[in-house]
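Student: Before anything else, here's the structure in question.
Here it is, written out as C-alpha cells:
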C-alpha cells in the first residue's frame, strides 16, 4: 500500500474524486468533512472497490481548533499521513456590505486558516521521513482581483502564493507541494453560492479532469497547475498592470455575481463545501 492520503472536503465534488482516484492508486484514505453520513458511504465504496483502508473524521473546518482536532484523531488511530489534500473550501459572493461578516470569517477559517494548520500538522513528519506531498486546491480566481468575490478570490490568492513558496522551500527535500487552480467545475459550488446563472455559457471542467490533471502535475512536481487550456489562458494571458484598470475591467464581468445571488444565499444558505 502507498502512504495514507488525507482529503478534506471529501463529501462532495472534487474531494470525492480525489478520494476515488487516490484509492485507485492504492492509497489508504482519511476522509474529512462535516457530513459524516456521506463520508461513510464513500468510505465503504472505496473499501469494496479497491481494498484500501478508509477512515472517516467528521470535523467542521471553520472551528478555531479544527486542524489540531483532525491531527489528534489521525494520531489516535495510528495513521501516518504521507499525502495531504487540502480541498475543503467555500465562497461568498455579492456586494461586500451585504455579505454577513460571520460567513466571511468562516470562509477564511476554512479556505486559509485550517489549510495552513493542517499543513503545519503533517509536513514536519513528511520531512522527517524524507518524503510526502501536499496538494492545496485553490482557484483560477486566485490569479485575479475579483470585485463581488473579494474575500473568496483573495483567499485563493493566498493558497496559490503559500503553496508556491512551500514548493520552493521543500525542493530537494523529498516533499512535493502543489497548488491546483481550476476554473469553473461541474460541482454544487455555484448552486450553493447562488450564482449558477452567472456561469451559464462558461466551459466547465469535470471533477475527474481536474483531479487527473492535479495528480499528473504532482507526479512531476510542477508546483502549480491550472487544469484546462482555456483556464490556463485566463490565468496567464490577462495583463497584471495597471492594476486599477484591470480591476475595473474585471468588475464588469464579476458584477453578474452580485446581480444573480440573493441576500438569502449570501447569508446562511451559502453552504460550505467542507
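In the UniProt record's numbering, the protein residues as written are 1 to 274. Ideal Cβ placement from N, Cα and C applies to all residues, glycine included.
1. If we count the other Cβ atoms within 10 Å of its Cβ and call it buried at 16 or more, is residue 249 buried or exposed?
2. Within the same chain, show all residues whose beta-carbon is closer than 6 Å to that of residue 6, passing over the 5 residues directly before and after it, in chain order.
3. What did DSSP end up calling residue 197 once you bin it into helix, strand or coil?
4. Suppose only complete runs of 3+ residues qualify. What are the beta strand (DSSP E) ranges in the stretch 54-85, listed by chain order?
5. Which residues in the same chain have their Cβ closer than 8 Å to the Cβ of residue 247, if we skip the five residues on either side of it in sequence?
6. May I ask you to report which of helix, strand or coil DSSP gives residue 12?
7. Helix, strand or coil for residue 254? Go by DSSP, reduced to three states.
8. In the DSSP assignment, find the unbroken beta strand (DSSP E) run with residue 289 in it and report its ends.
9. Does the distance from the C-beta atom of residue 43 to that of residue 11 stay below 8 Å?
10. Tell me the DSSP secondary structure of residue 33 in three-state form.
11. Distance check for residue 165 and residue 302, CA to CA, integer angstroms please.
12. What number of angstroms, rounded off, separates the C-alpha of residue 126 from the C-alpha of residue 74?
13. In the DSSP assignment, what are the bridge partners of residue 5?
14. Note the first and the last residue of the continuous alpha helix (DSSP H) segment covering residue 115.
15. If contacts are defined as beta-carbon pairs under 8 Å, then residue 79 and residue 135 qualify, I think. What distance do you get, rounded to the angstrom?
16. Please say whether residue 114 and residue 154 have beta carbons closer to each other than 8 Å?
17. Take residue 285 and list the residues in its own chain whose beta-carbon comes closer than 7 Å to its own, dropping the five residues that flank it on each side.
18. Does the separation of the CB atoms of residue 116 and residue 142 fall below 8 Å?
19. Quick one: measure Cβ to Cβ for residue 111 and residue 89, integer angstroms, because I've assumed they're closer than 8 Å.
20. Nearest CA to the CA of residue 173: which residue from 212, 128, 152?
21. Classify residue 198 as buried or exposed, calling it buried when 16 or more other Cβ atoms lie within 10 Å of its own Cβ.
22. Buried or exposed for residue 23, please, with buried defined as at least 16 other CB atoms from any protein chain shown within 10 angstroms of its CB.
23. Going by beta carbon distance, what residues of the same chain come within less than 8 Å of residue 163, once the five residues before and after it are set aside?
24. Please name the residue, chosen from 120, 59, 151, 72, that lies closest to residue 103 on a Cα-to-Cα basis.
25. Just tell me which of 54, 14, 40, 242 has its CA closest to the CA of residue 27.
26. Check whether the Cβ atoms of residue 211 and residue 14 lie closer than 8 Å to each other.
27. Compare the C-beta of residue 63 against all C-beta atoms of chain D and say whether one is closer than 8 Å.
28. Just tell me which of 108, 16, 170 has its CA closest to the CA of residue 130.
29. Look at the Cβ atom of residue 56, then the Cβ atom of residue 36, and state whether they are nearer than 8 Å.
Tutor: According to the structure data:
1. exposed
2. 30, 81, 84
3. Bear in mind that a pLDDT of 48 at residue 197, under 50, signals an unreliable position, so the number given afterwards is only what the model happens to contain. Three-state DSSP puts residue 197 in a helix.
4. 54-58
5. 145, 147
6. coil
7. helix
8. As displayed, the chain neither begins before 1 nor continues past 274, which places residue 289 out of reach and without an answer.
9. no
10. strand
11. Here the chain has residues from 1 to 274 only, and residue 302 is not among them.
12. 15 Å
13. 29, 83
14. 114-129
15. Not quite, the Cβ-Cβ distance comes to about 18 Å (not below 8 Å), so this is no contact.
16. no
17. Residue numbering for the chain in the displayed model covers 1 to 274; residue 285 lies beyond these limits and cannot be assessed.
18. no
19. 5 Å
20. 128
21. The pLDDT assigned to residue 198 is 46, lower than 50, so where the model puts this residue is not dependable; a value taken from the coordinates is nonetheless given after this. Buried, since its Cβ has 16 or more Cβ neighbours within 10 Å.
22. buried
23. 134, 136, 138, 177, 178, 179, 223, 224
24. 151
25. 54
26. yes
27. The structure shown contains no chain D; it is built from a single protein chain.
28. 170
29. yes
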